[in-house]
Amino acid sequence: MQAELIVDARNAVGECPVWVPEENALYWVDIPAGNLQRWSVQSGTVQAWKAPEMLACIARHSHGGWVAGMESGFFHLHTHNDGSLACELLGQVEHSRQDMRLNDGRCDRQGRFWAGSMVLNMGANAAEGRLYRYSAGQSGVVDAQLDGFIVPNGLGFSPDGKTMYLSDSHPNVQLIWAFDYDTASGTPSNRRVFVDMNHFCGRPDGAAVDADGCYWICGNDAGLVHRFTPDGRLDYSLPVPVKKPSMCAFGGSQMDTLFVTSIRPGDDHDQQSLAGGVFALNPGVKGLPEPHFNHSPT
35 MQAELIVDAR NAVGECPVWV PEENALYWVD IPAGNLQRWS VQSGTVQAWK APEMLACIAR
95 HSHGGWVAGM ESGFFHLHTH NDGSLACELL GQVEHSRQDM RLNDGRCDRQ GRFWAGSMVL
155 NMGANAAEGR LYRYSAGQSG VVDAQLDGFI VPNGLGFSPD GKTMYLSDSH PNVQLIWAFD
215 YDTASGTPSN RRVFVDMNHF CGRPDGAAVD ADGCYWICGN DAGLVHRFTP DGRLDYSLPV
275 PVKKPSMCAF GGSQMDTLFV TSIRPGDDHD QQSLAGGVFA LNPGVKGLPE PHFNHSPT
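Going by my numbering, the letters in the sequence shown line up with residues 35 to 332, in that order.
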């Protein structure tokens, strides 16, 4: 299960890989650069589009393009062949302070888009982060559902959509929670600790859920990706050749490849020449397609 480097992207903070099967391509973002990137399996080439703000998370939009969480809110993005990126504001986020941005995010199984917010300086230890929901049919309306996070991360949903997972990756927290999730209203409840990552290697970062309902979480600072069973038991861990894997996603023609983005810290490039790259693993299980943002949910 050796990790293969597929793109030597050297991203400062590579995040949010999303597989697009009809293009046979992987998309992901580099948060501080504001770049949306695309890797084609067929050609091996990489394209990039520049957003006007830091770009944190993306999901496919049912009307084409992407729904995205950026610094100031939720946007609808359209890529163009000339390298330009059209950005339409969908909903503004009212941050509690100016030095904040959105972070990890994805759609639930019904097509609502979720994203958490954080203070830019993790060293501030500021629990100002919130988890926001943007639903189709609510033009311009952004709902804050949960608060009190430093670095909300690891968002994921069980295959039936009835369990929501969320972590806080800050060194002072390092917890993953599970919630009961009302699929009709898009409301989480009954918050409980799913995994205490203080007992495992690495801080919990970005996540994915496979077809068996197991939860995959990047162990940032440990160079590992962990698979936890639905009852919170560690099943196994896969290594990647960098210290800071940031988020994972399933893709490939059979949905049996695990793609992993990573972070390129500014202090030890000699020891981590591949840091910031995008990797592919064969995990031995299959994943699920990521839901589109649904403009007309039922």
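In this text, a Cβ means the ideal position worked out from N, Cα and C, and glycines have one as well.
Keep in mind it's a predicted model, so treat the numbers as computed, not measured.
Just measuring C-alpha positions, the residue of Ala149, Ala46, Asp246, His112 sitting nearest Pro193 is Asp246. Between the beta-carbon of Gly68 and that of Leu89 there is about 5 Å, and that keeps the pair under the 8 Å contact cut. Excluding the 5 residues flanking it on each side, Asp177 has same chain C-beta neighbours closer than 8 Å at Tyr166, Arg167, Tyr168, Ser169, in chain order.
Assignment of Ala161 by DSSP, reduced to helix, strand and coil, places it in the coil class. DSSP, reduced to helix, strand and coil, places Pro193 outside both helices and strands of the structure shown, so it counts as coil. For secondary structure counted as the alpha helix (DSSP H) over 4 or more consecutive residues, the stretch 214 to 266 holds no complete run. Glu128 sits in coil when the DSSP states are folded into three classes, being neither helix nor strand. Shown here, Pro55 sits in a helix according to DSSP, grouped into three states. Going by DSSP, Gln71 is part of the beta strand (DSSP E) stretching over 69 to 74.
With respect to the C-alpha of Ser118, the residue from Gly107, Gln126, Gly99 having the closest C-alpha is Gly99. Apart from the 5 residues on each side of it in sequence, Pro51 sits with its Cβ closer than 8 Å to the Cβ of Leu60, Tyr61, Trp62, Met281, Cys282, Ala283, Gly285, Phe293, Val294, Thr295, Val312 in its chain, given in chain order. Of Met156, Met289, Leu315, the smallest CA-CA separation from Glu56 is found for Met289. The Cβ neighbour count for Ser219, taken over all protein chains shown within 10 Å, is under 16; the residue is labelled exposed. In this structure the stretch 235 to 243 lies against the stretch 264 to 281, because at least three pairs of beta carbons, one per stretch, are closer than 8 Å. In the DSSP assignment, Lys84 falls within the beta strand (DSSP E) that extends over 80 to 84. Residue burial annotation: Glu49 is buried, with at least 16 other C-beta atoms found within 10 angstroms of its C-beta.
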